[in-house]
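Numbering (the UniProt record's numbering), first residue to last: 1 to 101.
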């Protein structure tokens, strides 16, 4: 059985509405400025309201000098987000469009 290509996986994905995703981390629909059903910007008002929130954290995943096979940043990022959610943390990831190889 051959493996699916990245584009086949992407086309087969079931996307959640952005309002549902925002709600999971406490961002209400009034604070989302939607671009279609699966993308949105967060309002400046919401950003201002959580400024100084001591429990918020930002984790950056990066690398340098990539190998031909890549460095595994996307896999690491997705796994990190899934793992944090699994232990009950409110986690969200943001990645660029992965290669379509």
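Built from N, CA and C at the ideal position, the CB exists for glycine as well.
All values reported here derive from a predicted model rather than from experimental measurement.
By the C-beta density criterion, residue 33 is exposed, having fewer than 16 other C-beta atoms within 10 angstroms. By the neighbour-count definition (other C-beta atoms within 10 Å, threshold 16), residue 36 is an exposed residue. Within 10 angstroms of the beta-carbon of residue 69 lie fewer than 16 other beta-carbons, which makes it exposed.
In the displayed model, residue 10 falls within a helix according to three-state DSSP. The beta-carbon distance between residue 46 and residue 27, rounded to whole angstroms, is 6 Å. This is short enough to meet the 8 Å contact definition. Checking the DSSP bridge columns, you'll see residue 40 partnered with 34.
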